[in-house]
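Visitor: Residue numbers (our numbering), protein chains in the order written: chain A, 604 to 762; chain B, 484 to 658; chain C, 654 to 984. Just so you know, even glycine gets a beta-carbon here, dropped at the ideal spot from N, CA and C. Shown below is the structure under consideration.
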């Protein structure tokens with residue numbers, strides 16, 4: 604199963620980091636979700652935890668998006684579609700995996716149809732734990748990523 | 484006498500069915516009737532039952548009886564006029580499970596249930612227009628709901644890595 | 654001084670940059686006002702500048718199925734035609750830059766081009782979502798032209814029937830003979846009806862709620878702009894934002910053309926700056942009442958409801974307004 608997909612390889616990492624710094628002030632988000640991982644994110648668009656004050660907007664196509672949120676478990680049927688969506692996004696792009704189902708398999712760790720670790724299929728930049736993660740956890744994760752990029756630290760995925 | 488007065492509606496239904504076909508019947512409680520038929524009479528009996536008034540097919544399910552080497556197919560049919568549930572049971576062979584489809588009688592309802600059972604148990608329904616799998620893509624193993632499919636061994640071999648120290652507890656986890 | 658040709662050519666880039674920056678500023682104000690009306694904190698006012706900067710940095714992906722030369726040409730046409738209209742409309746209290754060469758009829762023709770550019774861009778994208786969005790945008794474009802024509806004809810007829818011999822379509826004439834002073838009470842009601850119809854048309858031209866069927870986010874995955882990314886999308890974004898300034902200036906030039914320096918009797922540089930400030934305040938109020946309030950409060954129409962609103966209700970109201978105005982002049 605691990606050699607079914609090939610990881611993407613990026614060139615010119617310095618240029619990517621410089622572009623990411625411009626991008627950090629306005630992130631446009633596209634989410635690909637399968638089940639309950641996203642339920643705690645719908646209040647993120649609402650008025651109590653407001654996503655738009657950081658510049659993040661929900662977009663409708665992956666062509667406009669910077670950040671791909673992958674939430675919830677992914678089956679073998681849906682990881683192929685997620686891979687196609689990831690390939691459609693323009694560079695520079697960031698993938699954030701939400702929930703514990705994308706880290707270790709989560710609740711479905713012994714199921715024959717779900718994938719256990721998302722990093723084997725799509726290069727992931729940030730994992731946010733939780734089942735499902737709270738909105739404050741997502742804000743903290745995004746803020747940590749912004750700090751990493753601003754201080755030019757090494758990012759999680761090797762690219 | 485009391486029991487006869489109590490189960491009038493159910494007894495009427497039983498009389499209608501067993502006067503024409505050779506079946507085994509039993510009443511579980513009020514408004515619940517069980518019927519056991521043989522495999523080759525299924526479509527004929529279903530046609531007759533739809534004529535009586537049982538128009539709503541609720542579900543089709545399969546029980547895997549591994550010791551008797553049978554699948555037991557169960558059809559749950561409701562009637563709006565009599566407010567009763569009729570449960571029809573048949574037995575088919577486990578190694579080569581084939582049966583005629585009831586899509587011609589209860590149309591779209593039966594089609595989706597038979598599609599699911601074909602994917603999960605391997606039951607072959609003849610005359611079903613579309614038997615492509617719903618959830619499993621690229622699956623070339625035994626159908627996963629059978630009792631002799633060891634899903635723990637399959638997951639362990641396919642997804643986990645013994646050399647990786649992080650995944651070592653999963654390799655030896657008890658069932 | 655504005656008659657000398659080389660001076661006009663020098664002013665053109667200044668007007669273009671002014672229009673674009675003003676549009677981005679008003680879009681920022683619009684976003685934060687919509688957010689406050691929905692009881693959340695909005696983004697900072699400089700957010701559209703950051704959006705534009707980010708969009709210029711991203712990759713430009715051209716799909717394989719598309720018609721490449723149309724796909725790349727359409728954003729440039731959309732932005733440039735929107736900026737050309739700015740040269741023919743009085744901005745900031747002064748007359749239009751190319752005032753002697755074009756009038757209201759030319760502006761009405763030029764207003765078709767940005768919408769046409771996005772339609773062609775949608776058709777050349779090679780994706781079924783974009784084609785559906787482009788078809789819807791075509792229908793909306795055909796629908797709002799009729800009330801717009803009725804409004805401009807009624808204003809010109811009013812001016813030319815009372816002062817015959819003038820070119821009633823030119824903006825300097827409309828600015829000098831303010832229409833509110835030319836009618837009695839019945840014509841006043843007619844002019845109010847025409848003003849209301851113009852508010853219908855603003856939302857349709859800008860592609861915002863309740864008439865945003867062509868760029869429906871959740872239904873057709875982005876509509877016309879489904880396959881655009883990077884620099885092309887940045888140019889479409891700027892064209893959309895500048896159109897807000899264009900339509901606001903058009904409403905001010907037709908219906909609210911007063912200058913404050915006439916009231917306060919100022920001259921020279923002070924007159925120009927006070928006129929500019931007054932123009933900016935008027936533009937803010939027109940955009941707020943005509944666009945932001947309706948966007949925050951309305952849901953999206955279906956396409957057959959859009960057509961019936963424009964062809965039946967808007968046309969009837971504007972024709973009734975025209976009838977009242979003409980009745981008032983004849984008596």
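Return the chain-ordered list of same chain residues with a C-beta closer than 7 Å to the C-beta of residue 529 of chain B, the five sequence neighbours on each side being excluded.
Guide: 585 and 588, listed in sequence order.
Visitor: Tell me which residue opens and which closes the alpha helix (DSSP H) that residue 591 of chain B is part of.
Guide: Run containing residue 591 of chain B: 590-604, per the alpha helix (DSSP H) assignment.
Visitor: Give the C-beta separation of residue 638 of chain B and residue 722 of chain A to the nearest angstrom, bearing in mind that I take them to be a contact with Cβ-Cβ under 8 Å.
Guide: About 18 Å separates the two Cβ atoms, so there is no contact after all.
Visitor: Run down chain C in chain order and give the residues with a C-beta less than 9 Å from the C-beta of residue 655 of chain A.
Guide: Ordered by position in chain C, the residues that pass the 9 Å Cβ test against residue 655 of chain A are 684, 688, 693, 694, 695, 696 and 700.
Visitor: Show which residues of chain B have a CB atom less than 7 Å away from the CB atom of residue 716 of chain A.
Guide: Per Cβ cutoff of 7 Å: 618 and 619.
Visitor: Entirely within the stretch 663-738 of chain A and at least 4 residues each: give me those alpha helix (DSSP H) ranges in chain order.
Guide: Those alpha helix (DSSP H) runs which fall completely within the stretch 663-738 of chain A and span 4+ residues are 679-691.
Visitor: Counting only beta-carbon atoms, is residue 709 of chain A nearer than 9 Å to chain B?
Guide: Chain B, which has no Cβ nearer than 9 Å to the Cβ of residue 709 of chain A, makes this no.
Visitor: Specify, as a first and last residue, the run of the alpha helix (DSSP H) that residue 922 of chain C falls within.
Guide: Residue 922 of chain C -> alpha helix (DSSP H) spans 922-940.
Visitor: Please determine, among B:522, B:576, B:504 and B:597, the residue with the shortest C-alpha to C-alpha distance to residue 540 of chain B.
Guide: For the residues B:522, B:576, B:504 and B:597, the minimum Cα distance to residue 540 of chain B belongs to B:597.
Visitor: Alpha carbon to alpha carbon, how far is residue 946 of chain C from residue 710 of chain C?
Guide: Cα to Cα, residue 946 of chain C sits roughly 33 Å from residue 710 of chain C.
Visitor: Alpha carbon to alpha carbon, how far is residue 618 of chain B from residue 679 of chain A? Give it in angstroms, no decimals.
Guide: Going by the C-alpha atoms only, they are around 9 Å apart.
Visitor: Taking the alpha-carbon positions, what's the residue 625 of chain B to residue 653 of chain B distance?
Guide: When rounded, the distance between both Cα atoms is 23 Å.
Visitor: So which residues on chain C does residue 693 of chain A lean against when the C-beta distance must stay under 8 Å?
Guide: By Cβ distance, chain C contributes 711, 712, 713, 714, 882 and 883.
Visitor: Residue 794 of chain C to residue 765 of chain C, Cα distance in whole Å?
Guide: C-alpha separation (whole angstroms): 8 Å.
Visitor: Could you give the first and the last residue of the continuous alpha helix (DSSP H) run that contains residue 558 of chain B?
Guide: Note, residue 558 of chain B: premise wrong, no alpha helix (DSSP H); beta strand (DSSP E) at 553-561.
Visitor: Mapping DSSP to helix, strand and coil, what is residue 833 of chain C?
Guide: Helix at residue 833 of chain C.
Visitor: Would residue 629 of chain A count as contacting chain C if we go by Cβ distances under 9 Å?
Guide: True, the Cβ-Cβ gap to chain C drops below 9 Å.
Visitor: Jot down the residue ranges of each uninterrupted alpha helix (DSSP H) in the stretch 816-866 of chain C, minimum 4 residues, whole runs only, in chain order.
Guide: Within the stretch 816-866 of chain C, the complete alpha helix (DSSP H) runs of at least 4 residues are 824-829 and 838-859.
Visitor: List, in order along the chain, the chain B residues whose C-beta lies closer than 7 Å to that of residue 680 of chain A?
Guide: In chain order: 618 and 620.
Visitor: Let me check understanding here. Comparing Cα to Cα, which of B:576, B:502, B:575 and B:591 lies closest to residue 542 of chain B?
Guide: Checked all of B:576, B:502, B:575 and B:591; the closest Cα to residue 542 of chain B is B:591.
Visitor: From C:762, C:876, C:887 and C:864, pick the residue whose C-alpha is nearest to that of residue 783 of chain C; which is it?
Guide: Closest option to residue 783 of chain C, Cα to Cα, is C:876.
Visitor: Confirm, please, whether the CB-CB distance from residue 978 of chain C to residue 810 of chain C is below 9 Å.
Guide: Contact flag set, yes.
Visitor: Is there a Cβ of chain A sitting closer than 9 Å to that of residue 638 of chain B, yes or no?
Guide: Yes - at least one Cβ of chain A is within 9 Å of the one on residue 638 of chain B.
Visitor: Looking at residue 673 of chain A and residue 727 of chain A, is the spacing between their C-beta atoms short of 9 Å?
Guide: Yes; because the gap between Cβ atoms is below 9 Å, this pair is in contact.
Visitor: Cα-Cα, which of A:684, A:702, A:635 and A:641 is closest to residue 620 of chain B?
Guide: Answer by Cα proximity: A:684.
Visitor: Going by DSSP, name the residue or residues bridged to residue 634 of chain A.
Guide: Looking at the DSSP assignment, residue 634 of chain A forms a beta bridge with A:672.
Visitor: List the residues that DSSP assigns as beta-bridge partners of residue 519 of chain B.
Guide: According to DSSP, residue 519 of chain B bridges with B:507 and B:572.
Visitor: Contact criterion: CB-CB distance below 9 Å. Does residue 713 of chain A meet it with respect to chain B?
Guide: With 9 Å as the cut-off, residue 713 of chain A counts as an interface residue toward chain B.
Visitor: To which residues does DSSP link residue 608 of chain B through a beta bridge?
Guide: Residue 608 of chain B pairs with B:582.
Visitor: Tell me where the beta strand (DSSP E) around residue 547 of chain B begins and ends.
Guide: Note, residue 547 of chain B: beta strand (DSSP E), 539-548.
Visitor: Could you compute how far the alpha carbon of residue 759 of chain A sits from the alpha carbon of residue 729 of chain A?
Guide: Because the pLDDT of residue 759 of chain A is 45, which lies under 50, any placement of that residue in the model is unreliable, and the number read from its coordinates should be weighed accordingly. Residue 759 of chain A and residue 729 of chain A: Cα-Cα distance of roughly 7 Å.
Visitor: In this structure, does DSSP put residue 660 of chain A in helix, strand or coil?
Guide: Strand.
Visitor: Interface residues of chain C around residue 626 of chain A at Cβ under 7 Å?
Guide: Simply 707 and 710.
Visitor: Let me know the secondary structure DSSP gives residue 874 of chain C once reduced to three states.
Guide: Correct three-state label for residue 874 of chain C: coil.
Visitor: Going along the chain, which residues of its own chain have a beta-carbon closer than 7 Å to the beta-carbon of residue 864 of chain C, five neighbours each way excluded?
Guide: Answer for residue 864 of chain C: 793, 856, 857, 954 and 959, listed in chain order.
Visitor: Just to confirm my understanding: we take residue 862 of chain C, look at its own chain, exclude 5 residues before and 5 after, and list those with CB closer than 8 Å. What are they?
Guide: Contacts found: 856, 947, 948, 951, 952 and 953.
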